[in-house]
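Participant:
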Amino acid sequence: MERIADISIDGYRVQCQILARDGDYRVRVTTRRKRTSGSLEDVVHVPSPLIFESEEEAERHARNLMLSVRGIRASGKPVYTIL
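Counting from 0, one number per residue, gives the positions in the sequence shown under numbering that gives the first Met the number 0.
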């Protein structure tokens, strides 16, 4: 599992990971709320329904996803702009 990016937005830490399984690749976005003490809580995994045949395609998609994050909902799910 490779982490593509790690950003902070709206009090959340947002990470994007590439998951490899049986020759296919998927992208998973994870958000964690930052506590006032600095520790992290509330992990929300947001899997992408897309499956990629190459790691390069998955990485490109992951980078585009991270560039399009504009906010985080109260549920912890990211809000994206349309690219």
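C-beta: ideal position from N, C-alpha, C; glycine also.
A quick note: this is a predicted structure, and the numbers were derived from the prediction, not measured.
Where does the unbroken alpha helix (DSSP H) through R12 begin, and where does it stop?
Facilitator: The count along the sequence shown starts at 1 and reaches residue 12 at position 13. It is not in any alpha helix (DSSP H) - R12 instead sits in the beta strand (DSSP E) that spans 11-20.
Participant: Three or more C-beta pairs under 8 Å: does that hold for the region 70-79 against the region 51-62?
Facilitator: no
Participant: Would you list, in sequence order, the uninterrupted beta strand (DSSP E) runs of no fewer than 3 residues that lie entirely inside the region 35-79?
Facilitator: The qualifying runs are 39-46, 68-71, 77-79.
Participant: Any idea what DSSP makes of I6, helix, strand or coil?
Facilitator: Within the sequence shown, numbered from 1, the residue matching residue 6 stands at position 7. Reduced to three states, the DSSP call for I6 is strand.
Participant: Out of curiosity, what's the CA-to-CA distance linking H83 and R32?
Facilitator: No statement about residue 83 is possible, as the shown extent of the chain runs from 0 to 82 and does not include it.
Participant: Considering only the alpha carbon of each residue, which of G10, S7, E56, Q14 lies closest to V28?
Facilitator: The residue labelled residue 28 in the question sits at position 29 within the sequence shown. When only C-alpha atoms are compared, the closest one is Q14.
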